[in-house]
Every structure is written in C-alpha cells, then in structure tokens.
Amino acid sequence: MCDASDYALGAILGKRIDNKPHVIHYANHILNEAQLNYTVTEKDFLAVVFAFEKFRSYLLGPQVIVYTDHSALKYLLSKKDAKPKLLYWILLLQEFNCEIRDRKG
C-alpha cells in the first residue's frame, strides 16, 4: 500500500495470511524541495516507485499488488505520451510483476 501527502511518502509491505493483511515493514520518505512542487499524481506515483526501490528484494519475482487511493496511477503504466519523468518511473517498474489497484481512502 502506498500513499503521498503534501510533504511525505509512505509505503507498507504486507502479506495476506488466511485472508487477513499482515504488515511486514513500514517505510516513509520526506519530500525534498523539488518534490514538493510535484503534482498530486506525480507524488502518488513517486510513492509507488519509492516502495519498489525500498522493498526491491522482496518484490522481484512474485505477483505484486499495489493498493493506492489515486485511481489514475493504474492507467499511467500503459500511457505512451507521458512526461519524461513519468516515463522513467514506468520503465523502472517494468522489471516487476505488478498490478496497481485503487482503494478508497
């Protein structure tokens, strides 16, 4: 699960056991001056990229489901005419077997 606020990013690495979510690890990151100027979509996408970089060793190989409250993110992975920054992040995520799902929140 990933989320972004005006000043920070957050990510939770979890696993379902007996259909109940269990937390494995929490991670957060305070945005720098340049990142504070990102749009809401860019901040939420940066939260996903941050989570994959932070938990990389756990996420390579298995099917990974990312839950976010920003529904536009799932369409960004298939977008061909995005900004160069977003295209770079999309390329970073292509090495993972991931699916982005939106969740109310």
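The UniProt record's numbering numbers the first residue of the sequence shown as 1 and each following residue consecutively. We put the beta carbon where it would ideally sit given N, CA and C, even for glycine. Source: prediction; values computed, not measured.
In the DSSP assignment, G10 forms a beta bridge with D3, N28.
Per DSSP, the unbroken alpha helix (DSSP H) holding T41 starts and ends at 40 to 54. In the three-state reduction of the DSSP assignment, P21 falls in the strand class, which pools E and B.
For P84, the enclosing alpha helix (DSSP H) begins and ends at 84 to 93. Closest by C-alpha distance to G14, out of F96, M1, Y88, is M1.
The three-state reading of DSSP puts K80 in coil, since its state is none of H, G, I, E or B.
Secondary structure note for R101: its beta strand (DSSP E) is the uninterrupted segment 98 to 102.
The Cβ atoms of A11 and A27 lie closer than 9 Å to each other. Burial state of I100 is buried, judged by a 10 Å Cβ sphere holding 16 or more other Cβ atoms. Of the candidates E95, A72, N19, the residue whose Cα lies closest to the Cα of D102 is A72.
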